[in-house]
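Chains as they are written, first to last, in my numbering: chain D, 3 to 518; chain L, 3 to 518. The beta carbon of each residue, even a glycine, is placed where N, CA and C say it ideally should be. A short write-up of the structure that comes next.
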């Protein structure tokens, strides 16, 4: 048994049985070890942004980490943007990054780089197995870091000689999952007291507090106390749709976010952070809260959030409140004529199957998706959490690997989609049940808005050359087919509805280019 | 005038007039400033690997840096792999990475990350304009770092408030280009003395010593002394073909590299590093040199290499040697039947126009390209220098921006090509004169070889799932058309030859999927 075998067996002993990979020469012994382990499912991504983004989507739905396999510093670098998103979502992830054999580093061969330095900004934990003897302990430490609190990004550097050297291994064992942070009874009391003082209060939540059960409890708290419950602007996963509690998020657009909180006198945080501007804008505040707003950080992200919600409910006596208000199934009227983001949301509300997983990277085009879909069939809603575009297609890919019996629907802006378009090939290769909807507005629409905001006036030649994608227009049908994914184009609401319905009635990957 | 204007004007005053970009919100004032500068050419890449790879290809051919525009930490992260390649090529590059306004960082907004930490491993210089007053000095320092020695990667972090704040600017000026490292007359004497001692000597060169003129001088040194002249395994740019000196590179495959140096008793380095294994292999040495080989590091990478070559020639009396041996134009017989890498090289040798720029990321498929092309029309040959795949398409894109009057030919492996396939769109948008040849073997062929090398035997299911690209096969014609690039497929030597000839007789981007 060599170091790579020890790594594989330790992962498997801890239930980590899915490997998103793009290997290189320095990881060949790890590849050979994976090859000896049919229990491990290996999924190839044709660029590392696909690999780490898929690991994120997988873990959000599987509630356990996947392992990634990345090739030295540059391979890791290519995966960092989606690690950043996962870090913000608090997704558990174990990255294995191959490196040169330890004794080869002195030669500064072409692929040599400071892997730990690259990993640190986007990882909660970075380790290195300096030799085969350290392999088990380092792997266990990586898994422990991934399972700590709400979830962590663990990056384990694997020198080739640590992988290929033999060692007496013993039997790999499952490590104990670290306990979540303790709930602070004093803070629960503070929150409960605040909720009784008659002031305008918002309860801001994220993480596992956005699962259906916790939201029902929160709704009873809201009914009992008059507080408003909201979700963070971006969340790893929230459960919504018919038969669930309706919930809004903090708006992305700064003026809307400020307006949303202007009357809030008290803010209770459950896993969430106090809302801030996504960017700074000249003359506008960084915090979205009004002057003097009291903030009670009732439960940190790393505590057991459903338990914290239950404790709050008990403290306010929510058991005497009416049952949670669950949304009825609603079927909006079919849209007609021009294809708009609204028409797309309406079609989704009508057609989306039960337990769909909606992966949202629609950027500007999807901002009003909620409006039409409170009463859609119950679904999970996964977002871009760190603002690093290029997560959508990979996240949908990983979610589909985690949940083969559920339909995955990607809401994908065209500009962002191009970042990791390679993920479509993985969907074809693994025959994943994903419908990707491309919002083809043929521009970085968000940046047109931002350019206007900075007072630059109408964009000139140079600005247009950097913000528009219309010369030439991307042909998404051709791109998808090039990677083995069936695809079609819709330019009217009716065509889109029919294509979506057909795509939802079959299995396997399909892409709809929605020209809006 | 605001900080972004000062940045633009300082770049332009130093002849940096090409900006490869993928902007975001935090760079909107820089975009607006570029929009006020019609002298700056802005070229959009749909992923940051395209942006930095194009800046590398541009600078290799223009002999001056381009500027890149990247969006915060994740945007930088996406561009790091090709910055790694540029760092290894010693390409001058100025990266401008937008960041939040300085006072907004305290809020840890979603896109916040440690930008300097990410930049450091792949940069020679990292700086930050903390406010608008620092903008000119920091921009000048970045340019100076890019122009130092053979070339450096300079990364300038641009907080949004430094960009948008107003300042009294003065007139931007060109900075003095730093002097190269001095040539050490003692080392020149040592090398000259060694070249007379009758021992088997190799002169290993790279950088500007690979331009046609320096190679002619080196050939006279070789004729005078009996030494062998070789190029490093990977080089940023070398000039070759008919009318030039024929030169071989150190082989990539370790056993071939070892064999190539087994009789070398003395090694003289001109800009180059002593040859080492690209990777470590169990039981094989890291250095390619035989025991006891004497190494004379005659001229470092940051010295004036053509001057060092001239000094060596003078020291050995090469002026009494015969004129340099220049290769005659050779036209190999047309290949017939099955399409092979050799058939592709032969077609190129016949068809490639004068002064073509060949961008090589063909990995295994192009290893024998030299054999058939010593006597091809004179051309520049640009390589993957850092082993981080995904450089090819962007590098060709940037080279074509730098040299609009020359044909650019990309030799592109399929697996590597997918990493930054988005670059084809930029070729279409800018109507660049690039022919991309995809070596479609539908696998990571190099890794099949390496897996065999580690003794893993025939690949099983998991290994094949990670090393093969055949299920489904990529349809490169469809991919190219999806991005507005005309394309066709060749499966025989004859079809390939005809397609290449047609592509070389027209202008504008074209892609040939060569199914080998």
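Residue burial classification, residue i (beta-carbon count within 10 angstroms, cutoff 16)
i	result
residue 195 of chain L	exposed
residue 188 of chain L	exposed
residue 261 of chain D	exposed
residue 175 of chain L	exposed
residue 184 of chain D	exposed
residue 452 of chain L	buried
residue 29 of chain L	buried
residue 101 of chain D	buried
residue 94 of chain L	buried
residue 170 of chain L	exposed
residue 520 of chain L	Only positions 3 to 518 of chain L appear in the structure, and residue 520 of chain L is not among them; the question remains open.
residue 199 of chain L	exposed
residue 508 of chain L	exposed
residue 85 of chain D	buried
residue 266 of chain D	buried
Interface residues of chain D facing residue i [CB-CB closer than 7 Å]
i	result
residue 37 of chain L	458, 461, 462, 464 and 465
residue 44 of chain L	464, 467 and 468
residue 492 of chain L	Those within 7 Å of residue 492 of chain L in chain D number zero; the least Cβ separation is about 17 Å.
Proximal residues of chain L, C-beta to C-beta of residue i below 7 Å
i	result
residue 83 of chain D	76, 79 and 80
residue 486 of chain D	474
Same chain, Cβ closer than 6 Å to residue i, five either side skipped, listed in chain order
i	result
residue 122 of chain L	128
residue 368 of chain D	362 and 413
residue 211 of chain L	272, 273, 307 and 311
residue 366 of chain L	447 and 448
residue 245 of chain L	328 and 380
residue 243 of chain D	378, 379, 380 and 381
residue 26 of chain L	73
residue 268 of chain D	196, 201, 203 and 296
residue 168 of chain L	4
Own chain residues within Cβ distance below 8 Å of residue i, not counting five before or after
i	result
residue 35 of chain D	4, 6, 7, 9, 10 and 165
residue 250 of chain D	232, 233 and 372
residue 430 of chain L	485, 486, 487 and 511
residue 43 of chain L	19, 20, 21 and 403
residue 280 of chain D	235, 254, 256 and 389
Contacting residues, own chain, Cβ-Cβ under 7 Å from residue i (five flanking each side not counted)
i	result
residue 222 of chain L	315, 320, 323 and 326
residue 519 of chain L	Since the displayed chain L opens at 3 and closes at 518, residue 519 of chain L lies outside it and no answer follows.
residue 118 of chain D	128, 130 and 159
Interface partners of residue i on chain L, CB under 9 Å
i	result
residue 2 of chain D	Within the shown structure, residues of chain D are numbered from 3 to 518, placing residue 2 of chain D beyond reach of any answer.
residue 105 of chain D	282 and 288
residue 430 of chain D	473 and 474
Beta carbon proximity, residue i to chain A, threshold 7 Å
i	result
residue 450 of chain D	The structure shown contains no chain A; the protein chains it does contain are D and L.
Neighbouring residues, chain L, relative to residue i (Cβ below 8 Å)
i	result
residue 480 of chain D	480, 481, 483 and 484
residue 388 of chain D	76, 112 and 113
residue 129 of chain D	Chain L residues near residue 129 of chain D: none, gap ~17 Å exceeds 8 Å.
residue 102 of chain D	281 and 282
Neighbouring residues, chain D, relative to residue i (Cβ below 8 Å)
i	result
residue 30 of chain L	449, 452, 453, 455, 456 and 458
residue 119 of chain L	119, 122 and 123
Listed by chain order, chain D residues near residue i by CB distance under 9 Å
i	result
residue 335 of chain L	Those do not exist, as residue 335 of chain L stays about 35 Å from chain D at its closest Cβ, beyond 9 Å.
residue 40 of chain L	462, 463 and 464
Query raised in the report: Does the segment 14 to 22 of chain L touch the segment 497 to 510 of chain D, meaning 3 or more C-beta pairs lie closer than 8 Å?
Result: no
Requested in this report: Take every Cβ of the segment 448 to 467 of chain D, pair it with every Cβ of the segment 448 to 467 of chain L, and state whether three or more of those distances are shorter than 8 Å.
Outcome: no
Next on the checklist: So within the segment 426 to 468 of chain D, which uninterrupted beta strand (DSSP E) runs reach at least 3 residues, ignoring any that extend past its ends?
Outcome noted: 436 to 442
### Contiguous alpha helix (DSSP H) assignments of at least 4 residues, all confined to the segment 380 to 435 of chain D
394 to 404, 416 to 421 and 425 to 431
Quick one: complete beta strand (DSSP E) runs, 3+ long, within the segment 263 to 308 of chain L? 268 to 272 and 296 to 301
### Message
So within the segment 479 to 515 of chain L, which uninterrupted beta strand (DSSP E) runs reach at least 3 residues, ignoring any that extend past its ends?
### Response
488 to 492
* Asked: Between the segment 32 to 47 of chain D and the segment 101 to 110 of chain D, do at least 3 Cβ pairs fall closer than 8 Å?
  -> no
Between the segment 278 to 296 of chain D and the segment 485 to 493 of chain D, can you find at least three pairs of beta-carbon atoms closer than 8 Å? no
| field | Three or more C-beta pairs below 8 Å linking the segment 399 to 407 of chain D and the segment 51 to 68 of chain D | value | yes
Counting Cβ pairs closer than 8 Å, one from the segment 382 to 401 of chain L and one from the segment 471 to 479 of chain L, do we hit at least three?
no
Meets three-Cβ-pair contact criterion under 8 Å: the segment 79 to 95 of chain D and the segment 140 to 153 of chain D: yes
Using a Cβ distance threshold of 8 Å, determine whether the segment 428 to 445 of chain L contacts the segment 430 to 443 of chain D, with at least three qualifying pairs required. no
Task: Ordered list of beta strand (DSSP E) runs contained in the segment 110 to 165 of chain D, each at least 3 residues - done: 127 to 130 and 155 to 161
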